[in-house]
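Q:
Numbering (the numbering used here), first residue to last: 5 to 341.
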């Protein structure tokens with residue numbers, strides 16, 4: 005049994021965040037969990053009917069009624085996405101408390117949350133932009149202080165041809181790529197602990213092989229062990245989040261396509277480009293879901309719907325359709341006289 009001290013909300017929040025740390029979330033994610041938990045906790049503690057310091061708030065005070073009131077106050081100045089994120093955080097928190105035997109049930113099913121449509125995809129703009137980007141990065145740029153086109157091309161190719169997220173790229177090991185020739189694949193440790201296997205075509209396999217060969221020449225064969233990080237910096241150390249983001253941004257600048265990268269997308273624009281092209285080439289939502297590691301089919305369906313809208317807009321812009329419209333319009337006018 006938990007003692008009275010451990011039934012305080014702040015202590016339980018600390019226990020929850022410690023348990024989530026084993027999943028290796030980013031520092032930003034953990035900070036967001038804490039921010040959402042504390043924000044709603046304060047609103048419950050500040051209830052005019054029973055105000056008390058947050059440090060003295062016990063978990064028993066978080067009733068369905070108090071949670072509904074707190075979420076109503078929390079929602080007033082915030083966007084639907086922020087409310088939904090906070091709801092999900094509290095739902096996970098209560099699920100943790102139920103699994104730990106602290107509470108008999110999760111009250112969040114009785115607390116409404118807004119329905120937030122998935123954000124629209126943000127692929128690179130321009131039909132030939134991905135090809136232009138790859139071609140530009142594959143060439144050694146004399147303006148670079150430490151050029152390594154083989155590595156840069158491998159990073160972009162893995163994002164564009166396998167749809168990997170930033171964290172998934174950083175988690176890759178040399179032996180993440182396996183299989184016989186013609187049946188190569190990459191094993192990905194995906195979001196939320198969902199692993200997946202993505203087929204690797206010969207062209208991508210050749211790019212990664214060329215990068216690893218260049219790495220052996222730079223740092224020696226010992227640095228390319230099977231359990232070594234697949235992507236490394238110019239010193240041979242595993243790439244980190246900031247270094248990978250900077251690398252991708254510098255590739256955009258070298259290719260002169262910064263104006264074709266949707267704001268706020270950066271590396272994710274490459275993943276969205278992969279998914280959008282899958283949809284354009286006929287992949288269904290289930291196939292996109294498996295390849296991208298989505299938790300929800302609706303997220304994958306979003307790419308197909310956006311692609312369908314884009315195709316209809318392209319057809320609408322066809323000059324023949326416009327000519328037909330003028331013809332029909334004039335015929336209608338003539339027939340009405």
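Just so you know, even glycine gets a beta-carbon here, dropped at the ideal spot from N, CA and C.
Bear in mind the structure is a predicted one, so any value in this text is a computation, not a measurement.
Quick one: grab the DSSP three-state call for residue 18.
A: Taken through DSSP and simplified to helix, strand or coil, residue 18 comes out as helix.
Q: Among 261, 295, 156 and 222, which one has its Cα closest to the Cα of residue 195?
A: 295
Q: Less than 6 Å between C-beta atoms, sequence neighbours within five positions excluded: which residues of the same chain meet that for residue 220?
A: 228
Q: Quick check on the DSSP output: what are the complete beta strand (DSSP E) runs of length 3 or more inside the segment 155–230, in order along the chain?
A: Runs of the beta strand (DSSP E) inside the segment 155–230: 189–193 and 199–203.
Q: When you compare the CB of residue 281 with every CB in chain D, is at least one pair closer than 8 Å?
A: Reference to chain D is not applicable here, since this structure consists of a single protein chain.
Q: Taking only the alpha-carbon atoms, compute the straight-line gap between residue 152 and residue 144 and give it to the nearest angstrom.
A: 7 Å
Q: How big is the Cα-Cα spacing for residue 271 and residue 245?
A: Between the alpha carbons of residue 271 and residue 245 lies a gap of roughly 11 Å.
Q: In the DSSP output, what is residue 242 paired with across the bridge?
A: 236
Q: Taking the alpha carbon of residue 215 as the point to measure from, which residue in 203, 193 and 240 has its own alpha carbon closest?
A: 240
Q: Starting from residue 89, follow the alpha helix (DSSP H) in both directions and report where the run begins and ends.
A: 84–103
Q: Give the secondary structure of residue 144 by DSSP, where H, G and I count as helix, E and B as strand, and everything else as coil.
A: Three-state result, residue 144: coil.
Q: Where residue 247 and residue 237 are concerned, what is the direct C-alpha to C-alpha distance, given to the nearest angstrom?
A: Cα to Cα, the separation comes out at about 8 Å.
Q: Could you tell me which residues DSSP puts in a beta bridge with residue 62?
A: 12
Q: Can you tell me whether residue 319 is helix, strand or coil according to DSSP?
A: With a pLDDT of only 49 at residue 319, under the threshold of 50, the placement of this residue in the model should not be trusted; the figure read from the coordinates follows. Residue 319: helix per DSSP, three-state reduction.
Q: Would you call the segment 22–39 and the segment 65–78 touching, i.e. three or more CB-CB distances under 8 Å?
A: no
Q: Note down, in chain order, each residue of its chain lying with its Cβ closer than 8 Å to the Cβ of residue 318, except the 5 sequence neighbours on either side.
A: Low per-residue confidence applies at residue 318: pLDDT is 49, beneath 50, and the placement is therefore not dependable, though the value from the model is reported in the following sentence. Around residue 318: no qualifying Cβ.
Q: Let me know the secondary structure DSSP gives residue 53 once reduced to three states.
A: coil
Q: Between which two residues does the alpha helix (DSSP H) containing residue 276 stretch?
A: 271–284
Q: For residue 179, which of 205, 128, 134 and 233 has the nearest alpha-carbon?
A: 233
Q: What does a CB cutoff of less than 6 Å around residue 265 pick up in its chain, not counting 5 residues either side in sequence?
A: 256 and 273
Q: Apply the 10 Å Cβ neighbour rule to residue 155 and answer buried if 16 or more other Cβ atoms are within range, or exposed otherwise.
A: buried
Q: Using C-beta distances below 7 Å, list every residue in its chain close to residue 97, excluding the 5 sequence neighbours before and after it, in chain order.
A: 20 and 41
Q: Under the rule that 16 or more other beta-carbon atoms within 10 Å means buried, what is residue 84, buried or exposed?
A: exposed
Q: Would the segment 187–194 count as touching the segment 118–129 if we require 3 or more Cβ pairs under 8 Å?
A: no
Q: Short of 6 Å in beta carbon distance, which residues of its chain neighbour residue 198, apart from the five on each side in sequence? Order them along the chain.
A: Only 297 meet the Cβ criterion.
Q: Is it the case that the Cβ atoms of residue 342 and residue 174 are separated by a distance below 8 Å?
A: Because the chain in this structure spans residues 5 to 341, residue 342 falls outside the shown range and cannot be described.
Q: For the alpha helix (DSSP H) containing residue 79, list its first residue and its last residue.
A: First-last of the alpha helix (DSSP H) with residue 79: 68–79.
Q: With H, G and I counted as helix, E and B as strand and the rest as coil, what does DSSP make of residue 131?
A: Residue 131 falls in the coil class under three-state DSSP.
Q: Spatial neighbours of residue 212 within its chain, please: C-beta separation below 7 Å, excluding the five flanking residues on both sides.
A: Within the same chain, Cβ atoms closer than 7 Å to the Cβ of residue 212 are found at 158 and 181, the five residues on either side in sequence being excluded.
Q: Sorted by chain position, which residues of the same chain lie with C-beta nearer than 6 Å to residue 115's C-beta, five sequence neighbours on each side aside?
A: 71, 72 and 75
Q: Could you tell me which of 86, 48 and 164 sits nearest to residue 121, measuring between CA atoms?
A: 86
Q: Would you mind reading off the limits of the alpha helix (DSSP H) that contains residue 293?
A: 289–296
Q: Would you report the Cα separation of residue 235 and residue 207, rounded to the nearest angstrom?
A: 18 Å
Q: Straight-line CA distance for residue 205 to residue 183?
A: 11 Å
Q: Can you have a look at residue 203 and say buried or exposed, based on whether 16 or more other CB atoms are within 10 angstroms of its CB?
A: Burial call: exposed.
Q: In three-state DSSP terms, what is residue 136?
A: helix
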